[in-house]
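K.L.:
Input: one structure, supplied below.
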Amino acid sequence: MKMINQLWKSPRSIVFTSLFVLLLTVGLSWLIFEKAAKNNSSSASSFSNLKSLLLIADNPGKISALIRCEVALMKAEAAALLGNYHEAHDLYEDAVRDIVFSCGEDSIYTCTFMGRQADFEIKNERYLIAEPLARRALKTYTLSGTDKLLLLRYRQSLEDALCELDEKKRAEALSLSIENVNLATAVDRELESKSSAETSSALNRLGYCYSACNKPDQAIETYEKSLSILQLKNRPIDEICNTRVAEAEVRTKQGDYDSAVSFLTKAVQLDSVSTEMLSRRALGYSLAKDYSNAIADADAVIALKPNNPNSFALRAEIYYYAGQWQKAVEDYNVCIKSAPKMSFFLWRRAEALAKSGDDQGAVDDYSRILQAPDIDGLVAVLNKQQGAIIDQRPAEVLVLTHRAALYTRLGDKKSAANDVAAAQRILEQMPHNRQAQ
C-alpha cells in the first residue's frame, strides 16, 4: 500500500498508476466476487458494480475517483484482516465519504461501500454504527438493484444489526427475518439450488431472531425446520451441529440447562472428535452443575488438543465453578506457562488463589496483570465471558481495587490505601469525570 501511495502521488507516473490500479482492482474484484458467490457469503455484494465500471469508461474523472475509492476500501479491508479495528473503521469511513462525494448518496457504488462497512461493523459488534449504514445500503439497492441474492444479503445485514439492539429494533429484525425466509426460498429456486442453502441459513437467522425476541418455542420450531432441510439435503455435519448449538443456546438462555445439554449431546454424537462441540457440552454440563461429566468432556478436549492452553483453561473454569480451587490453579499454571503475559489467565488464577486462601499469590498475579500488554482488553473479555456488561471501569481500576481488598485482608493497610488512591486518580482522569469538574 505504501508503494501504491508513492506512485499515486507521482505526477510523472499518474497514467501508468491509474491503469495499474484499475487492472488490479478489477482483477481482485472479480476473484473476490467469484469466491464470495460460491461461498454464499454476505460479501457477495462486493464489487457488484464491475459491469457498470466498464459502462462509464468514457468518463475519466469518475474512473479516477472510483479507483481511488476502491484502493481506500482495499486498505480498510487489509486493516480489518490484521485485526486493527480503529484503523480499519477510519479507513472505511474515508472510503464511504469519498464514494458519496464522487458518486452521490443514491449510487450503486455508495450502496456497495456502505454495505461492506456495515458487515465489518457487525462482525466487530458495533451494531449502532452498522444499522444506519445497512439501512441506507438496503434502501439504495432496493431502488436500483435487480439481483435477488444481493438483495437478500443487504436485508440480512440490516437484520443482523437490528437483532442486537433494543426491543423495538429486534421486533423490526424479526419482521424482516420472516420475509427473508421467503426471499431465500425464491433465491434457491432461481439458482436451482439442490442444497437449499439459502433457505436453511435464513431459517437459522429467523430462529436467532425469535430467541432475541424472547420467543423460545418459535425459535426451536424454526431451528427444527432448518435441521429437516439440512438432513434431507445431506448438508455438512458442522452445519447440523451448529444448528443444534443454536437450539442449546435458546434453552440455556431460559435456564433449562438439562435440555441444552441434550441438544449438545446430539451435536457430539454427530462429531465426537470436535473439540468445539465437546467444549460447549462441557460448559453446558457445568451450568447444569453436573461437574463430573463436564470434567470428562474437558479431559477429552485436552486429549485431542494437549498443546492448546485453551484446553486447560476450559477444565480450569469447570474446576473453579465446582469449588476445586487448587485443581483450577494447577490448570491455570499450564495456561500461564504457555501464555505468561495473558491478563485473563492471570486474573482467573488470582481469583482461584484468593478462593483457596493464598491471598499473597493472588496479589502477585494482580501485580503481573498491571504489567500485561493486553490489560486494556481484559474488561471486554470478562464482560463477554459473563454474557453481559458487568463492569465498565478501566482494567487498571478493576485490578487495583481487587488487590487493595487482598492487601486489607493481609493487614497491609498502607498498600491497600495506595491502590485505592491510584484507582481514584485513574477514574478522575476519565473524560466524563474531567467534564464534571
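Okay, so the sequence shown: first residue is 182 according to the numbering used here, each after it adds one. Positions of the beta carbon are idealized from the N, C-alpha and C atoms, including for glycine.
(1) So, for LYS434: in the same chain, excluding its five sequence neighbours on each side, which residues have a beta-carbon less than 8 Å away from its beta-carbon?
(2) Can you tell which of THR582, PHE526, ASP540 has its C-alpha closest to the C-alpha of LEU559?
(3) Tell me whether the beta-carbon of ASP279 lies closer than 8 Å to the beta-carbon of ARG249.
(4) How many angstroms separate the CA atom of GLU353 from the CA atom of ALA441?
(5) Taking three-plus beta-carbon pairs below 8 Å as touching, is the stretch 532-552 in contact with the stretch 502-511?
(6) On a CA-only basis, which of TYR389, ASP287, GLU498 is nearest SER325? Give me that one, please.
(7) In chain order, what residues of the same chain have a beta carbon less than 7 Å from the beta carbon of LEU551, not counting five sequence neighbours either side?
(8) With C-beta atoms as the reference, is ALA400 less than 8 Å away from GLY388?
(9) Using 8 Å as the threshold, is the stretch 411-428 in touch with the stretch 442-453, meaning 3 or more CB pairs across them?
(10) In whole angstroms, what is the alpha-carbon distance linking ASP600 and ALA585?
(11) What's the C-alpha gap between ALA299 and LEU314?
(12) Cβ of SER473 within 8 Å of Cβ of LEU495?
(13) PRO636 and LYS522: beta carbons closer than 8 Å?
(14) Whose C-beta lies closer than 6 Å to the C-beta of ALA311 among residues of the same chain, with five residues either side of it excluded?
(15) Count the other CB atoms, across all protein chains shown, that sit within 10 Å of the CB of GLY296; report buried if there are 16 or more and exposed otherwise.
(16) What residue range is occupied by the uninterrupted alpha helix (DSSP H) comprising LEU468?
(17) Identify whether ASN395 lies in helix, strand or coil by the three-state DSSP scheme.
(18) How many Å lie between ASP540 and GLU340 at the Cα?
(19) Compute the Euclidean distance between the alpha carbons of ASP271 and MET611, then round it to the nearest angstrom.
(20) Near VAL368, what residues of its chain come up, given a Cβ to Cβ distance below 7 Å and the 5 sequence neighbours on each side ignored?
(21) Is GLU402 buried or exposed, if buried means 16 or more other CB atoms sit within 10 Å of its CB?
P.N.:
The answer reads as follows:
(1) SER392, PRO397
(2) PHE526
(3) yes
(4) 28 Å
(5) yes
(6) ASP287
(7) GLU577, VAL580
(8) yes
(9) yes
(10) 6 Å
(11) 6 Å
(12) no
(13) Lying outside 182 to 618, the shown extent of the chain, residue 636 is not represented and no answer is given.
(14) ALA299, GLU302, ILE303, ALA342
(15) buried
(16) 456-468
(17) coil
(18) 48 Å
(19) 23 Å
(20) LYS329, LEU330, LEU333, GLU379
(21) exposed
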